[in-house]
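Working notes, beginning with the structure itself.
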Amino acid sequence: MQLENPVLLHLLWALLLQAILLVVYWRWRKRTLRRLGSPALAERLLLGFSEKRFWLKNGLFAAALALLVLAIVNPRAAVRRTPPPQLGSDVLIGLDISRSMLAKDVSPSRLQQAQKMIRELVASLEGERIGLLFFAGDAYVQMPLSTDYEALLMFASNATPDYITDQGTDFTPPIDLAARLFASNPESGHALILFSDGEQHNGLPLERARQAHADGMIIHTVSLGGDAGATIPTAGGYKRDFSGALVRTKANPAMLRDIAEAGGGLALSGSSAATIPTLTTEVRNLQKNAVEAQAYTEYVPYFQWLLLPALLLLILEQVLWWRKKVKA
1015 MQLENPVLLH
1025 LLWALLLQAI
1035 LLVVYWRWRK
1045 RTLRRLGSPA
1055 LAERLLLGFS
1065 EKRFWLKNGL
1075 FAAALALLVL
1085 AIVNPRAAVR
1095 RTPPPQLGSD
1105 VLIGLDISRS
1115 MLAKDVSPSR
1125 LQQAQKMIRE
1135 LVASLEGERI
1145 GLLFFAGDAY
1155 VQMPLSTDYE
1165 ALLMFASNAT
1175 PDYITDQGTD
1185 FTPPIDLAAR
1195 LFASNPESGH
1205 ALILFSDGEQ
1215 HNGLPLERAR
1225 QAHADGMIIH
1235 TVSLGGDAGA
1245 TIPTAGGYKR
1255 DFSGALVRTK
1265 ANPAMLRDIA
1275 EAGGGLALSG
1285 SSAATIPTLT
1295 TEVRNLQKNA
1305 VEAQAYTEYV
1315 PYFQWLLLPA
1325 LLLLILEQVL
1335 WWRKKVKA
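Mapping of the sequence shown onto the working numbering: residues 1015 to 1342, in sequence order.
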(Lines of atoms letter the chains of each structure in order from A and count residues from 1; the text may use other names and numbers.)
(Lines give C-alpha, C1' and ligand atoms only; values in the text may rest on other atoms or scores of the structure.)
Protein backbone atom coordinates (compact mmCIF):
# COMPACT_ATOMS: atom_id res chain seq x y z
CA MET A 1 0.00 0.00 0.00
CA GLN A 2 1.31 3.46 -0.88
CA LEU A 3 0.04 7.03 -1.05
CA GLU A 4 -0.23 8.75 -4.42
CA ASN A 5 0.00 12.30 -2.99
CA PRO A 6 1.65 11.98 0.44
CA VAL A 7 2.52 15.68 0.60
CA LEU A 8 -1.21 16.45 0.91
CA LEU A 9 -1.21 14.80 4.34
CA HIS A 10 -0.28 18.27 5.60
CA LEU A 11 -3.95 19.14 5.15
CA LEU A 12 -4.56 17.18 8.35
CA TRP A 13 -3.16 20.18 10.22
CA ALA A 14 -6.65 21.62 9.68
CA LEU A 15 -7.84 19.20 12.40
CA LEU A 16 -5.40 20.76 14.86
CA LEU A 17 -6.65 24.21 13.88
CA GLN A 18 -10.24 23.07 14.44
CA ALA A 19 -9.34 21.69 17.87
CA ILE A 20 -7.60 24.94 18.88
CA LEU A 21 -10.57 27.03 17.74
CA LEU A 22 -13.02 24.81 19.67
CA VAL A 23 -10.97 25.04 22.88
CA VAL A 24 -10.69 28.82 22.56
CA TYR A 25 -14.43 29.09 21.90
CA TRP A 26 -15.34 26.83 24.83
CA ARG A 27 -13.22 28.82 27.28
CA TRP A 28 -14.66 32.11 26.01
CA ARG A 29 -18.15 30.67 26.42
CA LYS A 30 -17.53 29.65 30.04
CA ARG A 31 -16.06 33.05 30.92
CA THR A 32 -19.04 34.81 29.35
CA LEU A 33 -21.55 32.68 31.29
CA ARG A 34 -19.75 33.31 34.58
CA ARG A 35 -20.01 37.05 34.04
CA LEU A 36 -23.79 36.77 34.00
CA GLY A 37 -23.56 36.08 37.72
CA SER A 38 -26.73 34.00 37.77
CA PRO A 39 -26.65 30.25 36.99
CA ALA A 40 -30.44 30.27 36.64
CA LEU A 41 -30.28 33.02 34.01
CA ALA A 42 -27.53 31.15 32.12
CA GLU A 43 -29.61 27.99 32.18
CA ARG A 44 -32.67 29.81 30.81
CA LEU A 45 -30.56 31.41 28.02
CA LEU A 46 -29.15 28.01 27.08
CA LEU A 47 -32.43 26.17 27.33
CA GLY A 48 -32.20 22.95 25.34
CA PHE A 49 -28.49 23.31 24.59
CA SER A 50 -26.80 19.88 24.55
CA GLU A 51 -23.09 19.85 25.32
CA LYS A 52 -22.87 16.23 24.15
CA ARG A 53 -24.42 17.08 20.78
CA PHE A 54 -22.10 20.06 20.39
CA TRP A 55 -19.01 17.89 20.77
CA LEU A 56 -20.55 15.06 18.76
CA LYS A 57 -21.26 17.33 15.78
CA ASN A 58 -17.74 18.72 15.83
CA GLY A 59 -16.33 15.21 16.18
CA LEU A 60 -18.32 14.03 13.16
CA PHE A 61 -17.07 17.01 11.15
CA ALA A 62 -13.46 16.32 12.15
CA ALA A 63 -13.76 12.64 11.20
CA ALA A 64 -15.29 13.56 7.82
CA LEU A 65 -12.50 16.08 7.21
CA ALA A 66 -9.86 13.47 8.03
CA LEU A 67 -11.44 10.97 5.63
CA LEU A 68 -11.64 13.60 2.86
CA VAL A 69 -7.94 14.40 3.25
CA LEU A 70 -7.05 10.71 3.12
CA ALA A 71 -9.21 10.32 0.01
CA ILE A 72 -7.34 13.19 -1.67
CA VAL A 73 -4.02 11.58 -0.70
CA ASN A 74 -5.39 8.43 -2.39
CA PRO A 75 -4.08 5.24 -0.77
CA ARG A 76 -3.46 2.66 -3.48
CA ALA A 77 -2.18 -0.88 -3.76
CA ALA A 78 0.43 -1.93 -6.30
CA VAL A 79 -0.66 -5.06 -8.15
CA ARG A 80 1.70 -6.89 -10.49
CA ARG A 81 -0.06 -7.88 -13.72
CA THR A 82 1.32 -10.41 -16.18
CA PRO A 83 -0.63 -10.55 -19.46
CA PRO A 84 -1.15 -14.00 -20.96
CA PRO A 85 1.37 -15.09 -23.63
CA GLN A 86 0.53 -14.13 -27.18
CA LEU A 87 1.80 -15.11 -30.61
CA GLY A 88 4.58 -12.98 -32.01
CA SER A 89 7.87 -12.88 -33.91
CA ASP A 90 11.37 -11.70 -33.06
CA VAL A 91 12.43 -8.40 -34.63
CA LEU A 92 15.77 -6.68 -34.21
CA ILE A 93 16.17 -3.05 -35.23
CA GLY A 94 19.71 -2.11 -36.25
CA LEU A 95 20.38 1.63 -36.05
CA ASP A 96 23.47 3.02 -37.76
CA ILE A 97 25.04 5.62 -35.46
CA SER A 98 28.12 6.41 -37.51
CA ARG A 99 28.92 10.12 -37.81
CA SER A 100 27.69 10.22 -41.40
CA MET A 101 24.17 9.76 -39.99
CA LEU A 102 24.38 13.33 -38.63
CA ALA A 103 24.25 14.71 -42.18
CA LYS A 104 21.30 16.98 -42.81
CA ASP A 105 20.54 16.12 -46.44
CA VAL A 106 17.20 14.91 -45.04
CA SER A 107 15.38 16.95 -42.44
CA PRO A 108 16.22 17.26 -39.61
CA SER A 109 19.07 14.72 -40.08
CA ARG A 110 19.53 11.13 -41.21
CA LEU A 111 19.75 9.92 -37.62
CA GLN A 112 16.71 11.84 -36.43
CA GLN A 113 14.71 10.65 -39.44
CA ALA A 114 15.65 7.06 -38.55
CA GLN A 115 14.63 7.61 -34.91
CA LYS A 116 11.26 8.97 -36.02
CA MET A 117 10.67 5.94 -38.25
CA ILE A 118 11.66 3.56 -35.45
CA ARG A 119 9.05 5.14 -33.17
CA GLU A 120 6.38 4.63 -35.86
CA LEU A 121 7.53 1.07 -36.53
CA VAL A 122 7.51 0.02 -32.88
CA ALA A 123 4.01 1.49 -32.45
CA SER A 124 2.78 -0.65 -35.35
CA LEU A 125 4.44 -3.87 -34.13
CA GLU A 126 2.78 -4.23 -30.73
CA GLY A 127 2.77 -7.88 -29.72
CA GLU A 128 6.14 -8.71 -31.27
CA ARG A 129 9.39 -9.13 -29.36
CA ILE A 130 11.62 -6.25 -30.44
CA GLY A 131 15.29 -5.60 -29.72
CA LEU A 132 17.64 -2.74 -30.56
CA LEU A 133 21.20 -2.83 -31.92
CA PHE A 134 23.55 0.11 -32.45
CA PHE A 135 26.28 -0.27 -35.04
CA ALA A 136 28.98 1.64 -36.87
CA GLY A 137 32.42 0.05 -37.21
CA ASP A 138 31.26 -2.41 -34.54
CA ALA A 139 27.88 -3.42 -33.11
CA TYR A 140 26.43 -3.99 -29.66
CA VAL A 141 23.08 -4.78 -28.10
CA GLN A 142 21.41 -1.69 -26.70
CA MET A 143 18.30 -3.66 -25.70
CA PRO A 144 17.65 -7.41 -25.98
CA LEU A 145 14.46 -8.87 -27.45
CA SER A 146 11.57 -7.77 -25.24
CA THR A 147 8.09 -6.30 -25.20
CA ASP A 148 9.23 -3.31 -23.15
CA TYR A 149 8.65 -0.84 -25.96
CA GLU A 150 8.96 2.28 -23.80
CA ALA A 151 12.52 1.41 -22.82
CA LEU A 152 13.43 0.63 -26.42
CA LEU A 153 12.08 3.95 -27.66
CA MET A 154 13.95 5.81 -24.93
CA PHE A 155 17.24 4.16 -25.96
CA ALA A 156 16.60 4.83 -29.65
CA SER A 157 15.76 8.49 -29.04
CA ASN A 158 18.99 9.04 -27.09
CA ALA A 159 21.28 7.42 -29.66
CA THR A 160 24.33 9.44 -30.78
CA PRO A 161 27.58 8.56 -32.60
CA ASP A 162 29.42 9.03 -29.31
CA TYR A 163 28.10 5.64 -28.19
CA ILE A 164 30.61 3.84 -30.47
CA THR A 165 34.25 4.85 -30.71
CA ASP A 166 34.91 2.54 -33.68
CA GLN A 167 33.46 4.69 -36.46
CA GLY A 168 33.00 3.88 -40.13
CA THR A 169 30.21 1.53 -41.12
CA ASP A 170 30.39 -2.25 -41.26
CA PHE A 171 27.20 -4.27 -41.74
CA THR A 172 28.78 -7.61 -40.82
CA PRO A 173 28.85 -7.07 -36.98
CA PRO A 174 25.09 -6.31 -36.65
CA ILE A 175 24.23 -9.35 -38.78
CA ASP A 176 26.49 -11.59 -36.66
CA LEU A 177 25.09 -10.14 -33.45
CA ALA A 178 21.49 -10.62 -34.62
CA ALA A 179 22.22 -14.26 -35.51
CA ARG A 180 23.44 -14.91 -31.96
CA LEU A 181 20.40 -13.26 -30.39
CA PHE A 182 17.94 -15.11 -32.63
CA ALA A 183 19.57 -18.43 -31.81
CA SER A 184 17.93 -18.40 -28.37
CA ASN A 185 14.46 -18.79 -29.93
CA PRO A 186 14.80 -20.82 -33.16
CA GLU A 187 11.07 -21.59 -33.46
CA SER A 188 10.00 -17.99 -34.04
CA GLY A 189 10.28 -15.93 -37.22
CA HIS A 190 13.34 -13.65 -37.28
CA ALA A 191 13.72 -10.27 -38.96
CA LEU A 192 16.58 -7.77 -38.84
CA ILE A 193 15.74 -4.24 -39.98
CA LEU A 194 18.76 -2.03 -40.69
CA PHE A 195 18.36 1.76 -40.71
CA SER A 196 21.43 3.28 -42.39
CA ASP A 197 22.74 5.60 -45.08
CA GLY A 198 24.50 2.60 -46.66
CA GLU A 199 28.05 3.94 -46.55
CA GLN A 200 30.09 0.75 -46.26
CA HIS A 201 33.71 1.24 -45.14
CA ASN A 202 34.66 -2.18 -43.84
CA GLY A 203 33.79 -5.85 -44.19
CA LEU A 204 32.07 -7.99 -46.80
CA PRO A 205 28.43 -8.18 -45.60
CA LEU A 206 26.78 -9.82 -48.60
CA GLU A 207 28.11 -13.32 -47.99
CA ARG A 208 27.26 -13.02 -44.30
CA ALA A 209 23.73 -11.83 -45.17
CA ARG A 210 23.22 -14.86 -47.45
CA GLN A 211 24.39 -17.22 -44.72
CA ALA A 212 22.10 -15.55 -42.14
CA HIS A 213 19.15 -15.85 -44.51
CA ALA A 214 19.92 -19.53 -45.05
CA ASP A 215 19.75 -19.92 -41.26
CA GLY A 216 16.25 -18.40 -41.16
CA MET A 217 16.85 -14.64 -40.79
CA ILE A 218 15.22 -12.07 -43.08
CA ILE A 219 17.08 -8.79 -43.48
CA HIS A 220 15.25 -5.60 -44.46
CA THR A 221 17.03 -2.30 -45.05
CA VAL A 222 15.87 1.31 -44.88
CA SER A 223 18.01 3.85 -46.71
CA LEU A 224 18.48 7.33 -45.22
CA GLY A 225 20.03 10.27 -47.06
CA GLY A 226 19.93 11.96 -50.44
CA ASP A 227 21.88 11.37 -53.65
CA ALA A 228 23.59 14.78 -53.61
CA GLY A 229 25.46 14.13 -50.38
CA ALA A 230 26.11 16.48 -47.47
CA THR A 231 28.75 17.63 -45.02
CA ILE A 232 29.06 16.01 -41.59
CA PRO A 233 28.42 18.34 -38.61
CA THR A 234 30.84 18.23 -35.67
CA ALA A 235 31.10 20.13 -32.39
CA GLY A 236 33.44 22.66 -34.00
CA GLY A 237 31.80 23.00 -37.39
CA TYR A 238 32.09 20.29 -40.07
CA LYS A 239 34.26 17.24 -40.48
CA ARG A 240 37.42 17.73 -42.60
CA ASP A 241 40.05 15.38 -43.95
CA PHE A 242 43.80 15.55 -43.30
CA SER A 243 44.23 18.20 -46.00
CA GLY A 244 41.56 20.43 -44.45
CA ALA A 245 38.95 19.82 -47.14
CA LEU A 246 35.35 19.27 -46.12
CA VAL A 247 34.32 15.63 -45.98
CA ARG A 248 31.08 14.90 -47.80
CA THR A 249 28.96 11.85 -47.15
CA LYS A 250 26.74 10.35 -49.79
CA ALA A 251 24.03 7.76 -49.19
CA ASN A 252 24.58 4.39 -50.83
CA PRO A 253 21.14 2.80 -51.33
CA ALA A 254 22.69 0.31 -53.77
CA MET A 255 24.66 -1.32 -50.94
CA LEU A 256 21.54 -1.57 -48.78
CA ARG A 257 19.62 -3.01 -51.72
CA ASP A 258 22.29 -5.70 -52.19
CA ILE A 259 22.23 -6.58 -48.46
CA ALA A 260 18.43 -6.85 -48.45
CA GLU A 261 18.50 -9.02 -51.57
CA ALA A 262 21.12 -11.31 -50.03
CA GLY A 263 19.12 -11.45 -46.80
CA GLY A 264 15.82 -12.30 -48.49
CA GLY A 265 14.20 -9.02 -47.47
CA LEU A 266 13.14 -5.68 -48.88
CA ALA A 267 15.18 -2.54 -49.55
CA LEU A 268 13.04 0.46 -48.61
CA SER A 269 13.51 4.21 -48.65
CA GLY A 270 13.35 6.41 -45.56
CA SER A 271 11.59 9.08 -47.61
CA SER A 272 8.66 6.84 -48.58
CA ALA A 273 5.40 6.94 -46.64
CA ALA A 274 4.84 3.27 -47.51
CA THR A 275 7.99 2.06 -45.70
CA ILE A 276 6.51 1.54 -42.22
CA PRO A 277 3.26 -0.14 -43.45
CA THR A 278 5.33 -2.41 -45.69
CA LEU A 279 7.67 -3.42 -42.86
CA THR A 280 4.67 -4.02 -40.59
CA THR A 281 3.10 -6.33 -43.15
CA GLU A 282 6.35 -8.24 -43.64
CA VAL A 283 6.79 -8.76 -39.89
CA ARG A 284 3.18 -9.85 -39.45
CA ASN A 285 3.77 -12.54 -42.07
CA LEU A 286 6.67 -14.07 -40.15
CA GLN A 287 6.26 -17.37 -38.33
CA LYS A 288 4.73 -16.78 -34.91
CA ASN A 289 5.61 -18.27 -31.56
CA ALA A 290 4.34 -17.75 -28.01
CA VAL A 291 5.71 -14.44 -26.71
CA GLU A 292 5.56 -13.66 -23.01
CA ALA A 293 4.25 -10.13 -22.60
CA GLN A 294 6.03 -7.67 -20.35
CA ALA A 295 4.70 -7.68 -16.80
CA TYR A 296 3.54 -4.31 -15.49
CA THR A 297 2.45 -2.74 -12.24
CA GLU A 298 -1.12 -1.53 -11.88
CA TYR A 299 -2.25 0.68 -9.02
CA VAL A 300 -5.66 0.02 -7.48
CA PRO A 301 -7.02 3.21 -5.81
CA TYR A 302 -9.03 3.14 -2.58
CA PHE A 303 -10.11 6.80 -2.33
CA GLN A 304 -13.74 5.89 -3.08
CA TRP A 305 -13.90 3.77 0.10
CA LEU A 306 -12.99 6.89 2.08
CA LEU A 307 -15.28 9.32 0.26
CA LEU A 308 -18.46 7.34 1.00
CA PRO A 309 -18.12 7.31 4.83
CA ALA A 310 -16.96 10.95 4.72
CA LEU A 311 -20.16 11.88 2.87
CA LEU A 312 -22.30 9.93 5.33
CA LEU A 313 -20.62 11.64 8.31
CA LEU A 314 -21.21 15.07 6.79
CA ILE A 315 -24.88 14.28 6.21
CA LEU A 316 -25.23 13.01 9.78
CA GLU A 317 -23.50 16.13 11.12
CA GLN A 318 -25.96 18.34 9.24
CA VAL A 319 -29.04 16.34 10.30
CA LEU A 320 -28.07 16.30 13.98
CA TRP A 321 -29.55 19.40 15.65
CA TRP A 322 -27.66 21.48 18.21
CA ARG A 323 -30.43 21.49 20.75
CA LYS A 324 -32.24 18.67 22.50
CA LYS A 325 -36.02 18.61 22.96
CA VAL A 326 -37.25 20.07 26.26
CA LYS A 327 -40.60 19.59 27.92
CA ALA A 328 -42.82 22.60 28.13
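Note that the Cβ used here is the ideal one computed from N, Cα and C, for glycine as well.
Could you check how far apart the C-beta atoms of residue 1142 and residue 1234 are, in whole angstroms? I think they sit under 8 Å. With 8 Å as the limit, residue 1142 and residue 1234 do not qualify as a contact, their Cβ atoms being about 14 Å apart.
Tell me residue 1324's beta-bridge partners as DSSP assigns them. Residue 1324 pairs with nothing; no bridge assigned.
How would you label residue 1127, buried or exposed, when you count the other beta carbons within 10 angstroms and need 16 or more for buried? buried
Short check: CB of residue 1184 to CB of residue 1114, under 8 Å? no
Grab the span of the alpha helix (DSSP H) containing residue 1295 for me, first residue to last. 1289-1298
So, helix, strand or coil for residue 1032, using DSSP? helix
Nearest candidate by alpha-carbon position, reference residue 1079, set 1105, 1040 and 1023: 1023
Provide the residue span of the alpha helix (DSSP H) that contains residue 1163, from first to last. 1163-1171
Exposed or buried, which one is residue 1334 when buried takes at least 16 other CB atoms within 10 Å? exposed
What are the start and end residues of each continuous alpha helix (DSSP H) run of 4 or more residues lying completely inside the segment 1167-1235, in chain order? 1186-1196 and 1219-1228
Residue 1195 beta carbon less than 8 Å from that of residue 1145: yes
Quick check: the segment 1127-1137 against the segment 1148-1157, are at least 3 beta-carbon pairs closer than 8 Å? no
With DSSP run on the structure shown, which of helix, strand or coil describes residue 1122? coil
With residue 1015 and residue 1091 assumed to form a contact (beta carbons below 8 Å), what rounded beta-carbon distance in angstroms separates them? 5 Å
Rounded to a whole number of angstroms, what is the C-alpha to C-alpha distance between residue 1182 and residue 1287? 29 Å
Roughly how many angstroms separate the alpha carbons of residue 1076 and residue 1049, rounded to a whole number? 31 Å
Spatial neighbours of residue 1342 in its chain, beta-carbon cut-off 7 Å, leaving aside the 5 residues before and after: Here the model assigns residue 1342 a pLDDT of 49, short of 50, so the residue's position is not dependable, and the following value carries that caveat. So no residue of the chain qualifies.
Own chain residues within Cβ distance below 8 Å of residue 1331, not counting five before or after: 1071, 1074, 1075 and 1078
Does the segment 1312-1329 come within contact of the segment 1110-1124, defined as at least 3 CB pairs closer than 8 Å? no
Please classify residue 1214 as buried or exposed, where buried requires at least 16 other C-beta atoms within 10 Å of its C-beta. buried
Inter-residue spacing [alpha-carbon to alpha-carbon] between residue 1192 and residue 1158: 10 Å
Spatial neighbours of residue 1254 within its chain, please: CB distance less than 8 Å, with the 5 preceding and 5 following residues excluded, ordered by chain position. 1260 and 1261
Shortest alpha-carbon distance to residue 1179 belongs to which of 1153, 1186, 1169 and 1161? 1153
Looking at residue 1272 and residue 1218, is the spacing between their C-beta atoms short of 8 Å? no
Residue 1107 versus residue 1302 - alpha carbon distance: 18 Å
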